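J.: Handing you this structure, nothing more for now.
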Amino acid sequence: MNSKLILLIFVLVPSLMKAQVHCGAVSFEPNVPVAVNLTFDSFSQYEAGITINNVATLRLRVEDQAIPDPDCKWFLHMEVDNNPGGGTSSDEWETLTTYGSGTGNKPSLDILQIRVRNNCQTSPIDGIFQNFSNSGDILDIIADLLPLTTAGSCTTNVNGPGNYQGNYSEYTFSIDVRVRPGYDFNPGVYELNVRFHLEEQM
Amino acid sequence: MKKVILTLIALAGITAISNAQLIDEKDVTVTMDLQPVLQLDMSTPNQIEFVFDEINEYYSGITQYAATILKVSSTVSWDLYAVGRSNGTNGAEFWDQQIDYGNDNPNAVPNLPLSLLEIRQAQPNNGSNAATGPFADYNQAFSPSGTPSAGNSLYVNGGTLTPPSGDDKYIGGHAGTSGIAGDDFLPGGSYLTQTGNTSDYYYALDYRIMPGLPAIFPNAADADGGAFEDIVTTNAAGSYAEPGVYTMYVQYVLLEDQ
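Protein sequences, first through last, are from chains S and X. Numbering-wise (the numbering used here), the first sequence opens with residue 1 and increments by one. Numbering-wise (the numbering used here), the second sequence opens with residue 1 and increments by one.
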């Protein structure tokens, strides 16, 4: 009797876990971390900021299951992280080192701006620089819980199965970064991490 | 029965593995290196000459208007001050005597204090609320002949670059690190982005030397303006400046608020 119960658990638990899975796989290709170094050493850079276009390219692959499921959809967002476990205030960059007296303010997190774009402008925030206020803030690129918009439609919120090889303009996102520090912050080296999160809609 | 259990375990594992593929993440790490930029642009003749060869020039002095223009660009909170220096030929706080005229009368004093040079800044120091001395900056008008004033006397500190104290004069900002803009520093910025006809990042400086008659330089004073350093006060009654050629230099120092 006990062995039958164990068998039942083994069969049911994975089945329950899989109950809401509609896609076969979701992934960034390739998935290599990107490091961007911005050095401000002239007055004009402080005043005008530094913009680097296409610091990273997100290439997406969302596969259907062997038997296609019409509910296979995905969402994509970005989340900022300043290593709060290290004692960084939620609205500041993480300090790696400081120059000079170190008595000035630490850079506020909102001076980092991120822009996402692709040829079909599939994201509602396409082409517009966005900023964050606090560590852990999330900005949607393709939001969760949207109805299905199939690949190939070249419209907003494409979120069905597809990949950058078949539909480059919908499954590729270029990431631009801009930082304009101004003169309010203490000189030093600071760091932030932006995590792009791709997930199947449940 | 064992085979069945093993098969089910394998199936469960495969299912779990396939679930792991339904999320993926990619990181972009942004490192920002904010290097301090303190830039002082100065327009001034290589040498400013004061030639006293008329009696009225001794009485009223010679003024060189806007002889030096200072333009500041800084990415950090800053202070700006002037300090009088020399090669120390006659002592650390005196002009260097290059040549002397006349017969070396015992009352003719060759040690002219560096503080006899007067400066006037057109733009007041708007970062000196915490100053404690009688003169926070060099913005006051040059005093008329016959009315000695220490208000424009150049800051000197033993021939060194040591910054002025809270009692002394700064051109911009002041001693201390209160963290309150306007109290003892001017915030980062640049003359390049200023509008209007005045700016805390742009200073036109006038120079004046007034020997007086006899030539005792009545406006020479110590750093905080509390005591005069004219030739008679620092020597003896009847003393006067020995005729000759003298040189010194003014060093302008722009530094992070301190």
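Backbone N, C-alpha and C define an ideal beta-carbon position, used for all residues, glycine too. As the structure is a prediction and not an experimental result, all values here were calculated from the model.
Can you give, in chain order, each stretch of the beta strand (DSSP E) that sits fully within the segment 138–189 of chain S and has at least 3 residues?
T.: 138–142 and 172–179
J.: Can you find the residues in the same chain that come closer than 8 Å, C-beta to C-beta, to Gly136 (chain S), ignoring five residues on each side of it along the sequence?
T.: Glu79, Val80, Asp81, Pro84 and Ser90
J.: Please classify Glu54 (chain X) as buried or exposed, where buried requires at least 16 other C-beta atoms within 10 Å of its C-beta.
T.: exposed
J.: On a CA-only basis, which of X:Asn152, X:Leu22 and X:Val37 is nearest Pro181 (chain S)? Give me that one, please.
T.: Ranking X:Asn152, X:Leu22 and X:Val37 by Cα distance to Pro181 (chain S) puts X:Val37 first.
J.: Which of the three DSSP states is assigned to Asp206 (chain X) in this structure?
T.: strand
J.: Can you list, in chain order, the residues of its chain whose CB lies under 7 Å from that of Trp95 (chain X), leaving out five sequence neighbours each side?
T.: Ser86, Leu112, Leu114, Tyr246, Thr247 and Met248
J.: Tell me whether Phe135 (chain X) sits in a helix, a strand or coil according to DSSP, three-state version.
T.: Note: Phe135 (chain X) maps to coil in three-state DSSP.
J.: Please compile the residues from chain S whose C-beta is within a distance smaller than 9 Å of the C-beta of Thr193 (chain X).
T.: Glu47
J.: Would you call the segment 177–189 of chain X in contact with the segment 99–111 of chain X, where contact means no fewer than 3 C-beta pairs closer than 8 Å?
T.: no
J.: Kindly indicate if chain X contains any beta-carbon less than 8 Å away from that of Gly104 (chain S).
T.: yes
J.: Could you list the residues in the segment 51–81 of chain S with a C-beta less than 7 Å from some C-beta on chain X, going in chain order?
T.: Val55, Ala56 and Leu58
J.: Report the neighbours of Ser165 (chain X) on chain S: residues whose CB is nearer than 8 Å to its CB, in chain order.
T.: Simply none; closest approach about 18 Å.
J.: How about Cys120 (chain S): is its C-beta nearer than 8 Å to some C-beta of chain X?
T.: no
J.: With distances taken from CA atoms, which of X:Val28, X:Gly238, X:Thr29 and X:Ala92 is nearest Thr160 (chain X)?
T.: Of the candidates X:Val28, X:Gly238, X:Thr29 and X:Ala92, the one whose C-alpha sits nearest the C-alpha of Thr160 (chain X) is X:Ala92.
J.: Taking 8 Å as the CB-CB limit, is Leu16 (chain S) close to chain X?
T.: Here the model assigns Leu16 (chain S) a pLDDT of 44, short of 50, so the residue's position is not dependable and the matter cannot be decided.
J.: Quick one: measure Cβ to Cβ for Gly61 (chain X) and Pro243 (chain X), integer angstroms, because I've assumed they're closer than 8 Å.
T.: Not really, about 16 Å apart at Cβ, beyond 8 Å.
J.: Following the continuous beta strand (DSSP E) through Ala67 (chain X), name the residue where it begins and the one where it ends.
T.: Ile62 to Ser74
J.: What is the C-beta distance between Asn90 (chain X) and Gln97 (chain X), in whole angstroms, given that I count them as a contact (C-beta under 8 Å)?
T.: 6 Å
J.: Ala56 (chain S) by DSSP, collapsed to three states: which one?
T.: strand
J.: Check each candidate in S:Val26, S:Gln201 and S:Leu192 and name the one with the smallest Cα separation from Ile111 (chain S).
T.: Checking every option, the nearest Cα to that of Ile111 (chain S) belongs to S:Leu192.
J.: Along the chain, where does the beta strand (DSSP E) containing Glu79 (chain S) start, and where does it finish?
T.: Trp74 to Asp81
J.: Give the residues of chain S in contact with Leu22 (chain X), contact being defined as C-beta atoms less than 8 Å apart.
T.: Val21, Cys23, Ala25, Val26, Glu199 and Glu200
J.: Please work out which residues of its chain come closer than 6 Å, Cβ to Cβ, to Asn126 (chain X), disregarding the five sequence neighbours upstream and downstream, and give them in chain order.
T.: Asp200
J.: Provide the residue(s) that pair with Thr97 (chain S) in DSSP beta bridges, ordered along the chain.
T.: S:Val189
J.: By a C-beta neighbour count over all protein chains shown, 10 Å radius and 16 as the cutoff for buried, is Gln121 (chain X) buried or exposed?
T.: buried
J.: Give me the residue from S:Val32, S:Asp176 and S:Pro70 with the minimum Cα distance to Ala151 (chain S).
T.: S:Pro70
J.: Return helix, strand or coil for Leu112 (chain S), following the three-state DSSP convention.
T.: strand
J.: Below 6 Å CB to CB, which residues in the same chain sit around Glu200 (chain S) once its five sequence neighbours on both sides are set aside?
T.: Cys23, Val26 and Trp74
J.: Measure the Cβ-Cβ separation of Gly49 (chain S) and Val179 (chain S) and say whether it is below 8 Å.
T.: yes
J.: Give the straight-line distance between the Cα atoms of Thr31 (chain X) and Pro107 (chain S), rounded to the nearest whole angstrom.
T.: 12 Å
J.: Nearest to Ser178 (chain X) by CA position, among S:Glu92, S:Asn54 and S:Thr103, is which residue?
T.: S:Thr103
J.: Please state the DSSP three-state secondary structure of Gln39 (chain X).
T.: Residue state, collapsed to three classes: strand.
J.: Counting only beta-carbon separations shorter than 8 Å, does Pro187 (chain X) have a partner in chain S?
T.: yes
J.: Name the chain S residues that come within less than 7 Å of Gln258 (chain X), Cβ to Cβ?
T.: Per Cβ cutoff of 7 Å: Ser101.
J.: Going by DSSP, which residues form a beta bridge with Val62 (chain S)?
T.: S:Val26 and S:Gly162
J.: Between the segment 172–199 of chain S and chain X, which residues of the former have CB atoms less than 9 Å from a CB of the latter, in chain order?
T.: Ile175, Val177, Val179, Pro181, Gly182, Tyr183, Asp184, Phe185, Asn186, Pro187, Gly188, Val189, Tyr190, Glu191, Leu192, Asn193, Val194, Arg195, Phe196, His197, Leu198 and Glu199
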